[in-house]
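**Student:**
Protein chains: 2
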Amino acid sequence: MKIVVKKFGGTSVGSIERIRNIARRLHQEMASDCRYVIVVSAMGDTTDELTDMAYQLSKKPIKRELDMLLTAGERISMSLLSIALQEFGIFSISFTGSQSGIITDSNHGNARIIDVTAFRIREELVKHKVVIVAGFQGVSREKEVTTLGRGGSDTSAVALAAYLNAEKCEIYTDVDGIYSADPRIVHDYVKLDEINYDTVLEMAYGGAKVIHPRAIEFAKKYDIPLEVKSSFTFNTGTLINKELLNMEEKKITSLAQKTGLFRFIVEADSLHLLQAINNANIDLYDFTINGNNTIIVEKENYEETLTSLKPFLIIEECEVQSISIIGHRIINDIDFLMALIKEVKSLDTEIKDIKKNAVGINLIVSTRDIDQLLNKLHKNYIK
Amino acid sequence: MKIVVKKFGGTSVGSIERIRNIARRLHQEMASDCRYVIVVSAMGDTTDELTDMAYQLSKKPIKRELDMLLTAGERISMSLLSIALQEFGIFSISFTGSQSGIITDSNHGNARIIDVTAFRIREELVKHKVVIVAGFQGVSREKEVTTLGRGGSDTSAVALAAYLNAEKCEIYTDVDGIYSADPRIVHDYVKLDEINYDTVLEMAYGGAKVIHPRAIEFAKKYDIPLEVKSSFTFNTGTLINKELLNMEEKKITSLAQKTGLFRFIVEADSLHLLQAINNANIDLYDFTINGNNTIIVEKENYEETLTSLKPFLIIEECEVQSISIIGHRIINDIDFLMALIKEVKSLDTEIKDIKKNAVGINLIVSTRDIDQLLNKLHKNYIK
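Sequences listed follow chains U and R, in order.
Here numbering that gives the first Met the number 0 is used: position 272 in the first sequence is 271, and no number is missing along the way.
Here numbering that gives the first Met the number 0 is used: position 294 in the second sequence is 293, and no number is missing along the way.
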């Protein structure tokens, strides 16, 4: 049974018209020898609106109830898409995360998938039905509804693709594919036809809003080809695979950036510090332990981090940006590294950290004009 | 374990402020020797809005998906109420119909409760938690999400009260209790302190928007005292019980009316006619088979009814109103009946049918001014 999993994000199912459009497109492209599983996020801003309501009632709504609340979002989009498909004569059935057999741990708000028992999906696929699945959600062994946290719907899609041994997992989004840099900032960006898991992982960790790293790691582990493509045009997008089919000679594939980060240098026993961070349940964006401790967190965790750092001495604190320069062949190239440092400094930008990653170089900088820096680097190294 | 079940309808949970108000009130009145189960409907117009979206996509959305869609509504209100309660220091947990163990048949959109296995609720009550339950919804033996149709949340509440052997089931609404007639029409209405199941059932069937007949029948069967009261004031409302504690001397308890009805007299073999009605899945509001067949349907079923009557000859068709005059002692009182008929005719109103019910008289009339008629009858017989 040839199976394709397609995932549509919040924007793609953001209105009745868009939901109908997906149904229309699917109706046009469906192949009789293929079975389809459609994973959907909640419509548009639904998740944010529901979250807002919860925070109007409580500054710290308990996570179990927040999960119960938020999972209403995908329930709405999945059943509407199923209704839309049937209007085009396509037999379909929608399943919640629980009905789909997405089994997670009990960590409400940020649960991990620990098993997939999607026998109900398989049964319906055998009956030639298109199965629509609520992304982002699962169920714990204790039968409690959980959510997967950020990138949850991508992860749901890839996990199902792995379980179902799908031929491909397509991630539909509001862009044509993966670009060499952020098109809102870098003007002469290019769309990439292919990219491998490690590279796109590096981009995602570097801040590129493509697919969530969790989903990519999952895809890599189970060797699921991913395609990032547009939910408006349905055109061929960017294929993410184990090996590039056409390995290009280019040294650098892409740039990614992440802004709104806060970097603290803390004088503390590292274990005590990490324990404090862990107790506060704060996700560290990055950290280096090296004499002193350097931790980087995202803006939304800033206040909580300050609180948890109270027992320690903060030596330095500043807002920073992260730039990732991604490309397999550059990581051992000292000449490239020196040139890069000179380049960045010439733009009057202070380099806080430089780190070597699996497929690239990560710069933590403090600059007011990251756009200029990104455009300069893209011009120099990519195009 | 002393248990009280409280049910809040859509208006009562219609905004964040109202949800917070329920939490505040509950916090004030909670007794340490009592356990609470709260059944909620979807917020305000949520159900209608979700239904609208489905009908934008399809003229006939399949019912299984519609149930999936609509059940998102109570999921939102229940988790928000749970969050609100916790903000007042009340430990609480919310459950969907499925988690609550409301087992139904597979009749999507209008499922019947066939069993209640609410062991999870009991477990949480033992732990002193307030349990919040999504009304209106259940789960079939096939693990499919179902909805209970009209009056579903009331029915959920009463079914749980029966299963849990609750002391009382309180139905919170936007009025103070049950009135002797519709306050929007009859000016000198009075609030009733007590009423028995049969009387309120007659009122509900007669069109009074109090509690859905299904819920009342359930309460009567399991002898669950019901109290209809205001979700704004939390004041003592109207108690519905098996026997009136203070049987009053008044002959007539109340009036109820139902407008927007269509009455057809059809020449047909009665069995063929009923089969046609049944095939079209139309709820008959009333029928009489007596030489010819008289059927009465609600406005929303008008078009479908016309279609299903195509094979037959319609002898008469008109829009009618139903008035129920409710009171135990009047049904065998021929003098009263004659006086009533004269009264109605004097107001230039054509009586189409008169029927004797368990606790009252039902009139089917055709009038342009039902308000005048109701006020007149209320003045004559009640006050």
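Ideal Cβ positions, reconstructed from N, Cα and C, are used throughout, including at glycine.
For clarity, every value in this text was computed on a predicted model and none was experimentally measured.
Going by C-alpha distance, which of U:Ala338, U:Thr50, U:Lys257, U:Ala156 is nearest Val3 (chain U)?
**Tutor:** U:Ala156
**Student:** Beta-carbon separation of Ser76 (chain R) and Lys128 (chain R) under 7 angstroms?
**Tutor:** no
**Student:** Closer than 8 angstroms is the cut-off here; do at least three beta carbon pairs connect the stretch 291–305 of chain R with the stretch 260–270 of chain R?
**Tutor:** A contact exists between the stretch 291–305 of chain R and the stretch 260–270 of chain R.
**Student:** Between the stretch 192–203 of chain U and the stretch 4–19 of chain R, are three or more C-beta pairs nearer than 8 angstroms?
**Tutor:** No contact exists between the stretch 192–203 of chain U and the stretch 4–19 of chain R.
**Student:** Give a yes or no on whether the minimum CB-CB distance between Arg74 (chain U) and chain R is below 7 angstroms.
**Tutor:** Yes, Arg74 (chain U) counts as interfacial toward chain R.
**Student:** For Asn300 (chain R), count the other beta carbons within 10 Å of its own beta carbon; 16 or more makes it buried, fewer makes it exposed. Which is it?
**Tutor:** With 16 or more Cβ atoms within 10 Å of its Cβ, Asn300 (chain R) is classed as buried.
**Student:** Considering only the alpha carbon of each residue, which of R:Lys219, R:Ile18, R:Asp51, R:Glu48 lies closest to Met52 (chain U)?
**Tutor:** R:Ile18
**Student:** Can you tell me where the alpha helix (DSSP H) with Glu141 (chain U) in it begins and where it stops?
**Tutor:** It is not in any alpha helix (DSSP H) - Glu141 (chain U) carries neither H nor E in the DSSP assignment.
**Student:** What do you reckon, are the CB atoms on Lys179 (chain R) and Ile381 (chain R) nearer than 7 angstroms?
**Tutor:** This sequence places Ser at residue 179 (chain R); Lys is not what is there. Contact: yes.
**Student:** Could you tell me whether the Cβ atoms of Ala133 (chain R) and Arg74 (chain R) are closer together than 7 angstroms?
**Tutor:** Cβ distance < 7 angstroms, so Ala133 (chain R) and Arg74 (chain R) count as in contact.
**Student:** Taking its Cβ as the centre, do 16 or more other Cβ atoms sit within 10 Å of Val319 (chain R), making it buried, or is it exposed?
**Tutor:** buried
**Student:** Give me, in chain order, the residues of the same chain whose beta-carbon lies closer than 6 angstroms to that of Glu349 (chain U); leave out the 5 immediate sequence neighbours on both sides.
**Tutor:** Ser365
**Student:** How close, in whole Å, do the beta carbons of Ile369 (chain R) and Glu201 (chain R) come, if the pair is a contact with beta carbons under 8 angstroms?
**Tutor:** Glu201 (chain R) and Ile369 (chain R) do not touch by the CB rule: their CB atoms are close to 18 angstroms apart, not below 8 angstroms.
**Student:** Check distances from the C-beta atoms of the stretch 52–63 of chain R to those of chain U and list, in chain order, the residues that come in under 8 angstroms.
**Tutor:** Cβ contacts with chain U come from Met52, Ala53, Gln55, Leu56, Ser57, Pro60, Ile61, Arg63.
**Student:** Any contact of the stretch 22–41 of chain U with the stretch 25–41 of chain R, i.e. 3+ C-beta pairs under 8 angstroms?
**Tutor:** no
**Student:** Put Ile313 (chain U) into one of helix, strand or coil per three-state DSSP.
**Tutor:** strand
**Student:** If we define contact as Cβ-Cβ less than 7 angstroms, is Gln85 (chain R) a contact residue for chain U?
**Tutor:** yes
**Student:** Where do the N-terminal and C-terminal ends of the beta strand (DSSP E) with Ala133 (chain R) fall, by residue?
**Tutor:** 129–133
**Student:** Starting from Lys255 (chain U), follow the beta strand (DSSP E) in both directions and report where the run begins and ends.
**Tutor:** Strictly speaking, residue 255 (chain U) in this sequence is Ala, with Lys absent from that position. First-last of the beta strand (DSSP E) with Ala255 (chain U): 253–266.
**Student:** In or out: Gly13 (chain U) buried (at least 16 other Cβ within 10 Å) or exposed?
**Tutor:** Per the 10 Å Cβ criterion, buried.
**Student:** Which residues does DSSP pair with Asp187 (chain U) in a beta bridge?
**Tutor:** In DSSP, Asp187 (chain U) forms no bridge with anything.
**Student:** Can you tell me which of U:Ala255, U:Asp334, U:Ser93, U:Leu272 puts its alpha carbon nearest to the alpha carbon of Ile313 (chain U)?
**Tutor:** U:Leu272
**Student:** Within 7 angstroms of any Cβ in chain U, is that where the Cβ of Leu79 (chain R) sits?
**Tutor:** yes
**Student:** Counting pairs of beta carbons, one from the stretch 105–113 of chain R and one from the stretch 130–146 of chain R, are three or more of them closer than 8 angstroms?
**Tutor:** yes
**Student:** Which first and last residues belong to the alpha helix (DSSP H) in which Asp153 (chain U) is found?
**Tutor:** Under the DSSP assignment, Asp153 (chain U) falls in the alpha helix (DSSP H) whose first and last residues are 151–162.
**Student:** Does any residue of chain U bring its CB to less than 7 angstroms from the CB of Glu248 (chain R)?
**Tutor:** The predicted model places Glu248 (chain R) with a pLDDT of 49, which falls under 50 and marks its position as unreliable; any figure quoted below should be read in that light. Between Glu248 (chain R) and chain U, the shortest Cβ-Cβ separation is not below 7 angstroms.
**Student:** Pull up the distance between the alpha-carbon of Met246 (chain R) and that of Leu147 (chain R), whole angstroms please.
**Tutor:** Unreliable positioning characterises Met246 (chain R) in this predicted model, as indicated by a pLDDT of 48, which lies under 50. The coordinate reading is nonetheless provided below. The straight-line gap from Cα to Cα measures roughly 34 angstroms.
**Student:** Cβ closer than 8 angstroms: which chain R residues qualify as neighbours of Ser93 (chain U)?
**Tutor:** Glu64, Met67
**Student:** Considering only residues of the stretch 212–244 of chain U, which uninterrupted beta strand (DSSP E) runs meet the minimum length of 3 residues and lie entirely inside it, listed in chain order?
**Tutor:** DSSP runs (the beta strand (DSSP E)) wholly in the stretch 212–244 of chain U: 225–229, 237–240.
**Student:** Under 8 angstroms: do the stretch 329–344 of chain U and the stretch 212–221 of chain U share three or more Cβ pairs, one atom per stretch?
**Tutor:** no
**Student:** Under three-state DSSP, which class holds Asp44 (chain U)?
**Tutor:** coil
**Student:** What residues from chain U crowd round Gln136 (chain R), counting only those whose CB sits closer than 7 angstroms?
**Tutor:** The premise fails here: Gln136 (chain R) is roughly 11 angstroms from chain U at the closest Cβ pair, so nothing lies under 7 angstroms.
**Student:** Excluding sequence positions up to five away, which residues of its chain have a Cβ less than 8 angstroms from the Cβ of Ile184 (chain R)?
**Tutor:** Gln256, Ile369, Asp370, Leu373, Asn374
**Student:** When you compare the CB positions of Phe233 (chain R) and Arg24 (chain R), do they come within less than 7 angstroms of one another, or not?
**Tutor:** yes
**Student:** For a test of the three-state rule: what should DSSP assign to Glu166 (chain U), helix, strand or coil?
**Tutor:** Three-state DSSP puts Glu166 (chain U) in coil, outside helix and strand.
**Student:** From what residue to what residue does the alpha helix (DSSP H) around Thr116 (chain U) run?
**Tutor:** Element bounds for Thr116 (chain U): n/a, residue is neither H nor E.
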